[in-house]
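Under full-length UniProt numbering, the first residue of the sequence shown is numbered 1, with each subsequent residue one higher. We treat Cβ as the ideally placed atom computed from N, Cα and C, and that holds for glycine.
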Amino acid sequence: MNTFMNLFAIFVVFIQIQISLSQSVQSPPEPNLIQQLCKRNRYQTLCISTLNDDPRSKTSNLKGLASISIDATTKKVNGTLQYYVGVLRTITDRALFEMYGTCIEEYGAAIDRFLPAAVANLKAKKYSETMSNMKDVVAKPVNCDAQFPTTGSPVAARNKVVHDIADMTGDIIKTFVN
């Protein structure tokens with residue numbers, strides 16, 4: 001009887017270890033998911049590099065990659081916003097002050113409203129609303145550029161980077177809508 005109890009105890013421990021191991025191992029992502037997703041994106045190179053730069057992408061499914069893309073967009077928008085705030089502190093010209101001020105308002109709205117809403121809507125599987133949020137974010141750099149009447153404006157290059165990553169994220173979200 002004592003031998004039976006020992007064997008039973010070993011068996012229970014073995015089962016517990018197996019359960020523990022099976023729960024800790026994540027299923028690997030679909031092969032080439034990033035390449036498949038980005039192949040349909042208008043910003044293919046940017047899409048691949050953005051997603052591959054985030055270590056979470058190695059174990060992410062499609063929804064996880066969309067979340068990573070929104071996070072990357074948020075970082076770019078926030079970085080550009082912080083840059084414009086820094087520039088605004090050095091400006092003495094009233095007209096330039098107003099132009100940069102409008103850019104700060106536009107980017108602030110993206111950070112405070114539209115990007116958090118995109119994250120929440122993606123989590124809630126409200127993909128059409130997420131698309132709408134991303135369209136609003138894509139419009140912010142365009143609205144900022146419109147403040148500067150000359151070609152070759154001092155904000156054009158930064159705004160293009162933000163526009164492109166936001167638009168790329170919109171393309172990723174479209175895969176859920178279509």
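For V162 against M131, the beta-carbon gap comes to about 18 Å, at or over 8 Å, which does not count as contact.
Nearest to K76 by alpha-carbon distance, out of V85, I111, I34 and N32, is I111. Within the same chain, Cβ atoms closer than 7 Å to the Cβ of I104 are found at L81, Y84, V85 and L88, the five residues on either side in sequence being excluded. Sequence-distant Cβ neighbours of D136 in its own chain, meaning closer than 6 Å and more than five residues away, are F114. Within the same chain, and ignoring the five residues on either side of A156 in sequence, the residues whose Cβ sits closer than 7 Å to its Cβ are D145.
Taken atom to atom, the span from the alpha-carbon of I91 to that of M168 is near 33 Å. Restricted to the UniProt domain "Pectinesterase inhibitor" (29-172), the alpha helix (DSSP H) segments that are unbroken, complete and at least 4 residues in length are 33-39, 44-52, 62-88, 94-109, 115-123 and 127-145, listed in chain order. When C-alpha distances from P116 are compared across A95, M134, M99 and P154, the shortest belongs to M134. Contact annotation, E106 with N78: C-beta distance approximately 13 Å; criterion of less than 8 Å not satisfied. Contact between N32 and D171 is absent: CB atoms are separated by about 18 Å, not below the 8 Å threshold. Taking the CA atoms as reference points, T74 sits about 15 Å from K160.
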